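For reference, the structure is listed below as structure tokens.
Residue numbers (our numbering): 262 to 436.
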């Protein structure tokens, strides 16, 4: 049976939440510049939309870090496939993630980035699955807290498919 996608969070709700997060970050960083670290590939859609809604100066860098393969659960092995192009020293940094599930990847990543001497280091995610957490990760900005469902859309994928959906959907019909 082929998988199907059921809408969990409609496009309008995602858009409104991103605007709300952008406003909050803009308030929190008033008078400062914020350096966003987009975690590829999943958070690229969210990062771009969020950056457009932040009113303080924004700089941007990219990392590719994962503990997932083509499956639906974390492998527990974290690897950095692409590191940052710029130093974090003295910068106010926000790591932007599409979803936080087990917390393994972000726990590791926040430890690594914290050693690079940023002025501040915070974490922002579009989706949070706290019920799946196995590592304690402090999330400073959360779009939506969701139940333990396998979701796609807005950058999230299943075997590299469905990233381009403008909403968050639940994948049904997986074996």
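For each residue, glycine too, the CB sits at the ideal point set by N, CA and C.
Note that this is a predicted model, so its numbers are computed, not measured.
Q.
Going by C-alpha to C-alpha distance, which of 322, 344, 381 and 405 sits closest to residue 359?
A. As a first step, residue 359 must be located in the chain shown, where it is residue number 98. If we check each option's Cα against that of residue 359, 405 comes out closest.
Q) Who are the Cβ neighbours of residue 271 in its own chain at under 8 Å, not counting the five residues just before and after it? A) Against the chain shown, residue 271 aligns to sequence position 10. Taken in chain order, the residues that qualify are 428.
**Q.** Among 301, 280 and 345, nearest to residue 314 - alpha-carbon criterion
**A.** The residue labelled residue 314 in the question sits at position 53 within the chain shown. Closest by alpha carbon: 280.
Q) What number of angstroms, rounded off, separates the C-alpha of residue 401 from the C-alpha of residue 389? A) Here residue 401 corresponds to residue number 140 of the chain shown, with the count starting at 1. Here residue 389 corresponds to residue number 128 of the chain shown, with the count starting at 1. For residue 401 and residue 389, the distance between alpha carbons rounds to 11 Å.
Q | Supposed close pair residue 323, residue 301 - CB separation, criterion 8 Å | A | Start at 1 with the first residue of the chain shown, and residue 323 comes out as number 62. Start at 1 with the first residue of the chain shown, and residue 301 comes out as number 40. Between residue 301 and residue 323 the Cβ distance is about 5 Å, and since that is below 8 Å, they are a contact.
Q: Go through the segment 370-405 residue by residue and report every complete run of the beta strand (DSSP E) that reaches 3 residues or more, in order.
A: 381-389
Q. Just the Cα atoms here: how many angstroms apart are residue 343 and residue 371?
A. The residue given as residue 343 occupies position 82 in the chain shown. The residue given as residue 371 occupies position 110 in the chain shown. Cα to Cα, residue 343 sits roughly 15 Å from residue 371.
Q: Express the C-alpha separation of residue 408 and residue 362 in angstroms, rounding to a whole number.
A: Position 101 of the chain shown, counting from 1, holds the residue named residue 362. Position 147 of the chain shown, counting from 1, holds the residue named residue 408. The straight-line gap from Cα to Cα measures roughly 10 Å.
Q) Residues in its own chain within less than 7 Å of residue 305 by CB, not counting five upstream and five downstream? A) The residue you call residue 305 lines up with position 44 of the chain shown. Same-chain partners within the cutoff: 299 and 416.
**Q.** Cut-off 7 Å between Cβ atoms - residues of its own chain near residue 312, not counting five sequence neighbours on either side
**A.** Here residue 312 is taken as the residue at index 51 of the chain shown, counted from 1. Once the five neighbours on either side are set aside, the close Cβ partners of residue 312 are 297, 319 and 321.
Q. What three-state label does DSSP hand residue 317 in the structure shown?
A. Mapped onto the chain shown, residue 317 falls at position 56. Coil at residue 317, not helix or strand.
Q. Can residue 269 and residue 434 be called in contact, C-beta distance under 8 Å?
A. For this step, residue 269 is matched to residue 8 along the chain shown. For this step, residue 434 is matched to residue 173 along the chain shown. Contact flag unset, no.
Q: Along the beta strand (DSSP E) that carries residue 353, what are the first and last residues, could you check?
A: Reading the chain shown from its first residue, position 92 is the one you call residue 353. Note, residue 353: beta strand (DSSP E), 353-361.
Q: Output yes or no for whether 8 Å exceeds the beta carbon distance between residue 357 and residue 308.
A: By one-based count along the chain shown, residue 357 stands at place 96. By one-based count along the chain shown, residue 308 stands at place 47. For residue 357 and residue 308, yes; Cβs fall inside 8 Å.
Q. Quick one, are the C-beta atoms of residue 392 and residue 303 less than 8 Å apart?
A. Here residue 392 refers to the residue found at position 131 when the chain shown is read from its first residue. Here residue 303 refers to the residue found at position 42 when the chain shown is read from its first residue. Not in contact: residue 392 and residue 303 (Cβ atoms no closer than 8 Å).
Q | DSSP three-state assignment for residue 305, whether helix, strand or coil | A | Residue numbering aside, residue 305 sits at position 44 when the chain shown is read from its first letter. Helix, per DSSP.
Q) How long is the line joining the alpha carbons of residue 345 and residue 414, rounded to whole angstroms? A) Numbered from its first residue, the chain shown carries residue 345 at position 84. Numbered from its first residue, the chain shown carries residue 414 at position 153. Cα to Cα, residue 345 sits roughly 25 Å from residue 414.
Q. Going by beta carbon distance, what residues of the same chain come within less than 7 Å of residue 381, once the five residues before and after it are set aside?
A. Working through the chain shown from its first residue, we reach residue 381 at position 120. Cβ neighbours of residue 381 beyond the five flanking positions: 353 and 354.
Q: Would you tell me roughly how many angstroms separate the C-alpha atoms of residue 378 and residue 421, rounded to the nearest one?
A: Position 117 of the chain shown, counted from the first residue, corresponds to residue 378. Position 160 of the chain shown, counted from the first residue, corresponds to residue 421. Distance between the alpha carbons of residue 378 and residue 421 is about 34 Å.
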